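Undergrad: Note that the protein sequences, when read in sequence, are chains A and B. Residues in the first sequence are numbered from 0 upward in steps of one, following numbering that gives the first Met the number 0. Residues in the second sequence are numbered from 0 upward in steps of one, following numbering that gives the first Met the number 0. Below are the structure tokens for one structure; questions will follow.
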Amino acid sequence: MTTTMTSGTVATSRGEERRERRRRLGPLGVLSHMALLVWTVLVVVPILWTFLASVKSEDEIFGDAWSLPETLHWDNFARAWEQAHIGQYTLNSVIVVSFSTLGTMLVGSMAAYVLARYPFRGNRAFYLLFVSGLALPVYLALSPLFFVVQNMGNVPVLGPFIGLNTHAGLILVYIAHSMPFTVFFLAAFFRTLPTAVGEAAMVDGASHTRVFFQIMLPMARPGIVSVTIFNVLGQWNQYQLPLVLLQERDKWVLTQGIADISTAAGYDQDWSALFAALTLAILPMLVVYTIFQRQIQAGLTAGALK
Amino acid sequence: MLFQRYRRGLFITAFLAAPVTLYLVYVISPYIQAFYIATTDWRGVSATPSFIGFENFTRLFSDGIFWKAVRHNAALLVLLPLLTIVIALFFAFLLNVGGGSGGREGVRGSKLYRVIFFFPQVLAVAVVAVLFQQVFRPDGSGMLNGPLMALGIEPIGFLSNPGVAFWSVLGVMVWQAVGFYVVLFSAGLASIPRDMFEAAQIDGAGRGSLFFRITLPLLWDTVQVAWVYLGILALDVFAIVWVMTDQHGGPDFSTTVMAAEIYRNAFSYFRFGYASALGVVMFFFTVGFAIISLRLSRRERIEY
């Protein structure tokens, strides 16, 4: 009985306290919830509206924007995948981003490690060379880059694989353009790691290379994960570079394909397939984001917080 | 010992060879070439471009479209950071501090809000551009104009009216950016000791003073980082304009930006020399912005 009474008193005083605070913070509490809900609607509704339109017929799309489809036209997705080549473009994006991210992480972590851990003459110069790329606008170099890649096509033996309109060519460009952030972030990360473990391994006769791959790289895992996420998303969403470097349709990546369906508007425009294509581009991101949202938020904001 | 040093040198060289080579070939050399090409009349077909000095630069001074683009970038440079930061700060404050329970936590469901707000950030700009092109349709089939027309209001030419199109571009950029900065500011707020908010509340601080006297000053460093990021975003904007607007920066060049004009001159008109000159000008704008923001932030830091 006593215990119930005591806890009851505590609860009342807590309730009073809360009421008191609420009074001070005023009706703004309601308004703030309203503001948050309004932004939620602003974010969610355009995306849901697109999903809805993706199962509408052509006539319904040109009718009332908010009408519901009479029957669900799943065939829109088949046309988007086949005729609008979204399947091909998605596959191209997957190929390019897999290799370019892998390459970026391998080459970038090697450079970052050496620059962070091995003092030598010129170290600082190399580091600044990489990091200065963070401030350079890619548009300045657009035309020369086009010709650099074109000239790569004339290199003996390798040429046909790394010139214009090749995925390998685009992958190399992605890797190079991802260096500034990757080196900047990972060098800072490698500097924070303890040196003792690596030194002990060296005493035991491990080579520099082995220390890097078997000891330092696993220790740097959190940093590697963040930068990998950053690079995967950045390269997946890239539009400008493929627009310049891949001009043959069958080589296009997903962003080019999506942009093209809408800009090439004509009498034979397939609008319902456009919405289906948009949905096909958004849904996988939504799924991946829902699963990895914590890591993705951390990975993307990591650069700004350093 | 000598062997050890040899091995060390070999290791450094081996590890730096690939990244440095790629970086020099695909990043540094194009940037250097751009400065040279900017002084030529190169149109891509002639094998030997001829040197024309500063002719491209004198020409661009009277290029009305380019200056229109510069003005749009300048407007974005002011408005995009301002709007995004104000909105994001407001939401971050509500989600982390402004909740009813004594500044210890944000409003209920704050985690879910953060997850939703951040989502546009992971979408490709090109995808967002196509999405909003449909949202902004000029007739009753548009997501926004449909309800407006149902209410008997004249449809708005979000992308077809030259007076409105720029604001549509700005709106979409803010739409996509806000969530990122809500998360960024939330992370900044999380590092502020909770006692500060509690102490202020015990002393009778309301939401307003909590925000302006505690949150804002302590977040100032993060706000500056956000300002620089958004400034760079405003100077570099390309895909949203190129994909979403009519005629790639239209109607009537009312939304065009520097990057779009560079791309148009290089790859639609094949004026590589002139496009590079525009790029050089853009480079100096970016460097100028970087220097100014570094200066300003240094001064702020001394004040604190």
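Just so it is clear, CB atoms sit at the ideal spot from N, CA and C, and this is done for glycine as well. Treat the numbers as computed from the prediction; the structure is a model and nothing was measured.
Using the beta-carbon of each residue, which ones in chain B are nearer than 9 Å to A:Met-109?
TA: Those within 9 Å of A:Met-109 in chain B are Ala-13, Phe-14, Leu-15, Ala-17 and Pro-18.
Undergrad: Using beta-carbon positions only, say whether B:Ser-129 and B:Ile-239 come within less than 8 Å of one another.
TA: Sequence inspection shows Val at residue 129 of chain B; the Ser mentioned does not correspond to that position. No. Outside cutoff.
Undergrad: Along the segment 42-75 of chain A, what residues have a CB closer than 8 Å to any CB found in chain E?
TA: Chain labels in this structure do not include chain E; the protein chains are A and B.
Undergrad: Spatial neighbours of A:Ile-170 within its chain, please: CB distance less than 8 Å, with the 5 preceding and 5 following residues excluded, ordered by chain position.
TA: Result list for A:Ile-170: Val-95, Phe-98, Ser-99 and Gly-102, in chain order.
Undergrad: Considering only their Cβ atoms, is the gap separating B:Phe-135 from B:Leu-158 smaller than 8 Å?
TA: The answer is yes: Cβ separation under 8 Å.
Undergrad: Can you find a C-beta in chain A that's less than 8 Å from the C-beta of B:Ser-140?
TA: Yes - at least one Cβ of chain A is within 8 Å of the one on B:Ser-140.
Undergrad: Do B:Gln-132 and A:Ser-261 have their C-beta atoms closer together than 8 Å?
TA: Yes, the Cβ-Cβ distance between B:Gln-132 and A:Ser-261 is below 8 Å.
Undergrad: Go ahead and label A:Asn-153 buried or exposed: buried means 16 or more other beta carbons lie within 10 angstroms of its beta carbon, across all protein chains shown.
TA: Answer is exposed; the Cβ neighbour count stays below 16.
Undergrad: For chain B, find out if any of its Cβ atoms is closer than 8 Å to the Cβ of A:Tyr-88; answer yes or no.
TA: It does not: the Cβ of A:Tyr-88 has no partner Cβ on chain B nearer than 8 Å.
Undergrad: Measuring straight from C-alpha to C-alpha, what distance separates A:Tyr-138 and A:Ala-175?
TA: Distance between the alpha carbons of A:Tyr-138 and A:Ala-175 is about 15 Å.
Undergrad: In chain order, what residues of the same chain lie with their CB nearer than 8 Å to the CB of B:Ala-289, ignoring the 5 residues before and after it?
TA: Val-227, listed in sequence order.
Undergrad: With hydrogens ignored, establish whether the beta-carbon of B:Trp-219 is closer than 7 Å to any heavy atom of the ligand MN.
TA: The ligand MN is not among the ligands present in this structure, which contains no ligands whatsoever.
Undergrad: Is the distance from the Cβ of A:Asn-230 to the Cβ of A:Ser-177 below 8 Å?
TA: Yes, the pair counts as a contact, with Cβ atoms nearer than the cut-off.
Undergrad: Helix, strand or coil: how does DSSP classify B:Phe-50 here?
TA: Three-state DSSP puts B:Phe-50 in a strand.
Undergrad: Given 8 Å as the limit, is there contact between the segment 113-126 of chain B and the segment 289-299 of chain A, that is, 3 or more CB pairs closer than that?
TA: Flag = yes, the segment 113-126 of chain B and the segment 289-299 of chain A touch.
Undergrad: Helix, strand or coil: which one does DSSP assign to B:Thr-39?
TA: Three-state result, B:Thr-39: strand.
Undergrad: Could you tell me whether any Cβ in chain A is nearer than 8 Å to the Cβ of B:Pro-119?
TA: Taking Cβ atoms only, chain A reaches closer than 8 Å to B:Pro-119, which makes this a yes.
Undergrad: Run through chain B and tell me which residues come within less than 9 Å of A:His-84, C-beta to C-beta.
TA: Ordered by position in chain B, no residue passes the 9 Å Cβ test against A:His-84, which lies about 15 Å from the chain.
Undergrad: Taking 7 Å as the limit between beta carbons, can you name the residues of its chain near B:Val-279, skipping five residues before and five after?
TA: Excluding sequence neighbours, B:Val-279 sits near Ala-33, Phe-34 and Ala-37.
Undergrad: Could you check whether B:Val-242 and B:Gly-248 sit closer than 8 Å to each other, using their CB atoms as the reference points?
TA: Against a cut-off of 8 Å, the Cβ pair of B:Val-242 and B:Gly-248 comes out as no contact.
Undergrad: So B:Ile-261 contacts chain A; which residues on that side make the cut at Cβ distance below 7 Å?
TA: Correct list: Tyr-138 and Leu-141.
Undergrad: Counting only C-beta atoms, is A:Tyr-126 closer than 8 Å to chain B at any point?
TA: A:Tyr-126 does not count as touching chain B.
Undergrad: Under the three-state reduction of DSSP, which class applies to B:Ile-155: helix, strand or coil?
TA: It is coil, neither helix nor strand.
Undergrad: How about A:Thr-89 and A:Thr-278: do their beta carbons lie closer than 8 Å?
TA: Result no, Cβ atoms of A:Thr-89 and A:Thr-278 do not sit closer than 8 Å.
Undergrad: Please report how far the alpha carbon of B:Val-124 lies from the alpha carbon of A:Tyr-238, in whole angstroms.
TA: Distance between the alpha carbons of B:Val-124 and A:Tyr-238: 8 Å.
Undergrad: Following the continuous alpha helix (DSSP H) through A:Tyr-238, name the residue where it begins and the one where it ends.
TA: Segment: none, A:Tyr-238 is in no alpha helix (DSSP H) and carries neither H nor E.
Undergrad: CA-CA distance, A:Ser-92 and B:Val-127?
TA: Rounded to the nearest angstrom, the two C-alpha atoms are 17 Å apart.
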